[in-house]
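In my numbering, the protein residues as written are 503 to 1056. For each residue, glycine too, the CB sits at the ideal point set by N, CA and C. This one's a predicted model, so the numbers in the text were calculated from it and none came from an experiment. One structure is given below, encoded as structure tokens.
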Amino acid sequence: MRRRDFVKTGALLAGASSLLRPQMWADVPDHLWEGYQFGSPQVANRLDQGPFGIDQDQGWFTIFATQPSRDHIRNFGAGLVGYTWEENGPALGVQCGRETLEQSVEKMASLPFVDVLYIRCDWRDVQAGPGKLTLSPVWDMTFDAAKRHNLGVGFRIQLSSPNVQPQKLSMPDFLHDRVPIVNIGHKSKEHQAGFDFREPRYDSPEFQKAFAELNDLLAARFGDNPLLEYMDLMMYGFWGEGHTNDIPGPFPDYLTAEKTFLRMTQLQIDTWKKIPLAVNTEPDISNSGNRQVQDLAVRSGCWLRSDSLIMNEPIQIEALAHRPPWLATILEDGANRHYVLSDFADEEQACLNKLPANMLAFVGHDKEVQPMDDYPHQIGGPINRPYRESAGFHALDIGTSYFGLWTEADNIRRYYEKYPDSLQAMERRLGYRVRPSLIWQRKRYDTMELILGIVNDGVAGVPGVLGIYAESMDGSVRLGGNLDAGQPYAGQFRQASIILPKGMDGQQIKLRAELEVKGVKRLVRWACQHPTNPDGSLTIRLKKGSDSGWRKGV
């Protein structure tokens, strides 16, 4: 989308529709996600994926077999996410003076099971005036730590947050006299606030102009950064989740809201050409066009995310669990986000006593209290294990790719030392974990053919297109191609053929995998128990054509 055309939209975007496809205005009803036709990505250089019948070859042999790894394996597109900043700010220890921000970031990056560092902050934290970014210090600290520890980075810029109100808005101050701001009230069952919440008129030309500039500035800074793993789509309302709870929105009518956020979604899709975007699966409780936004985003290849888990509506779980298998999901659960163990409850309370009284107003319960009866007193009812443990297991239940660990590195470490089960399960099953389970060598076309049986031991499909390559040890020969998008799916098996040049039989070769997302290719480490090379590839030896033992007709 051309920025000049974008900011020339008419007053409050009323009636302007020339930049959107006509079908984008059609209402998208609630639907089952399983089997829903979102369309599928076209795959270039597609490998033959069978079937491989017995009449095709002149002899075959199973030359290699692998078993699943039990180790933590870092690959793009999956992992455990440590937060360096969330909507309430940095770790509690930073806020109450126990440690510096730099120390907190380093502690999180040093946890051996963390794969991605994540920032969630307000618009005002990245831009103070027009034309340039003014990033808060956590940004440089996070990217520096990620580079040193070989981690990815994710982020969200909140266009609105109740946490900073009424003192300020997420929107930078320089826009306050340019963008209309609407008092949306405070009558809410969810938020018992003693003040009225305010929201910007997202549809105003000045907001749209500034929003386009924000994306251009961010993309110029981070759009080619190899450390950036994903960006959350900037959506309507509180925390950018696509809602203002049960408080009315700032728009004059539904159609204005829908048009506005479809345009803002398309703008982000057009601007971020290489970085995966993640759309929130929040139902449209605030009538801001979420179903249409989600449909557009999924058809454009965006990943999915949700900011809650056990207390999600059935329709959100339907979307997350039955999304197209080539899309990743990012999950978090905010209950006891500080991982407070009873032995350290007094320590946390001493810290909270130094902070404003409303510190936990938007956090939820922060203690591991297990019920003594079978009545559903709290979220999840009578959970018979610590809450964070339960949340981790439920993330696996719905095929999650990434799971959020929040900000408290010391507490997280102590928590999982005491309750390691869910962490160990996530390290072995979260996201996709692919390996060549069975490798056959066949005599075919007067040369040798490899049939690779690739299995996915994870709970999620491959978030993109998996390429498989066979290479000579000196790198002079490299042959291979791509599986279908998302393959192999979670817990499933996919076969593929690579025809080798003549004369390679009996030699050692490397089997390598790579993941392509939005045109960018990244190495994938095989998740097998068998030793792999430093780059994650696997070395095997081919059988000589003159050897005995080839199978045929037996």
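Selection Thr-602, Leu-843 and Tyr-934 evaluated against Glu-919 yields Leu-843 as nearest (Cα-Cα).
By the neighbour-count criterion, in which 16 or more other beta carbons inside 10 Å mark a residue as buried, Val-1056 falls on the exposed side. Listed in chain order, the alpha helix (DSSP H) elements of length 4 or more contained wholly in the region 803 to 868 are 816 to 823 and 847 to 854. With respect to the C-alpha of Asn-747, the residue from Ser-663, Ala-580 and Pro-614 having the closest C-alpha is Ser-663. Note on geometry: alpha-carbon atoms of Ala-648 and Lys-609 lie some 12 Å from one another.
Taking all protein chains in view, the Cβ of Gln-994 is surrounded by fewer than 16 other Cβ atoms within 10 Å, so the residue is classified as exposed.
For His-745, the pairing in a beta bridge is given by DSSP as Gly-739.
Going by C-alpha positions, Ser-1050 is about 23 Å away from Ser-999. In this structure Ile-621 touches Phe-657 by the C-beta definition: roughly 4 Å separates them, less than 8 Å.
Nearest in C-alpha terms to Gln-597, of all of Asn-717, Asn-855 and Asn-782, is Asn-855. Ranked by how close their Cα comes to the Cα of Leu-729, the residues Gly-654, Leu-764 and Asp-718 have Gly-654 in first place. Its chain contains His-688 as the residues whose beta carbon lies nearer than 7 Å to that of Ala-695, once the 5 sequence neighbours on both sides are disregarded; these appear in chain order. In this model, Ile-817 and Phe-753 are separated by some 25 Å (Cα to Cα).
Every alpha helix (DSSP H) of 4 residues or more that sits fully in the region 575 to 638 is shown, in chain order, as 594 to 597 and 603 to 612.
Beyond the five residues adjoining it in sequence on each side, Asp-627 comes within less than 6 Å, by CB distance, of Ser-638 in the same chain, given in chain order. Closest in C-alpha terms to Ser-690, from the list Asn-886, Pro-750, Leu-822 and Cys-623, comes Pro-750. Beyond the five residues adjoining it in sequence on each side, Asn-789 comes within less than 6 Å, by CB distance, of Tyr-756 in the same chain, given in chain order.
Shown here for Val-530: same chain residues with a beta carbon closer than 6 Å to its own, the five before and five after excluded, namely Arg-793, Gln-794 and Asp-797 in chain order. Counting along the chain, Ser-939 sits inside no alpha helix (DSSP H); it lies in the beta strand (DSSP E) bounded by residues 936 to 946. Around the beta carbon of Thr-602, fewer than 16 other beta carbons sit within 10 angstroms, so the residue counts as exposed. Among the bridge pairs identified by DSSP, Val-1022 is matched with Val-1019. Three or more Cβ pairs closer than 8 Å define a contact, and the region 975 to 992 meets that threshold against the region 545 to 554.
Assigned with DSSP and collapsed to three states, Val-967 falls in strand. Secondary structure at Asn-685: strand, using DSSP grouped into helix, strand and coil. Under the three-state reduction of DSSP, Tyr-889 is assigned to helix. Spanning the alpha carbons of Gly-960 and Leu-833 requires a straight line of approximately 16 Å.
Secondary structure note for Val-781: its beta strand (DSSP E) is the uninterrupted segment 779 to 782.
Here Glu-784 is buried: its Cβ has 16 or more other Cβ atoms, across all protein chains shown, within 10 Å.
Around the CB of Tyr-917, 16 or more other CB atoms lie within 10 Å, so the residue is classed as buried.
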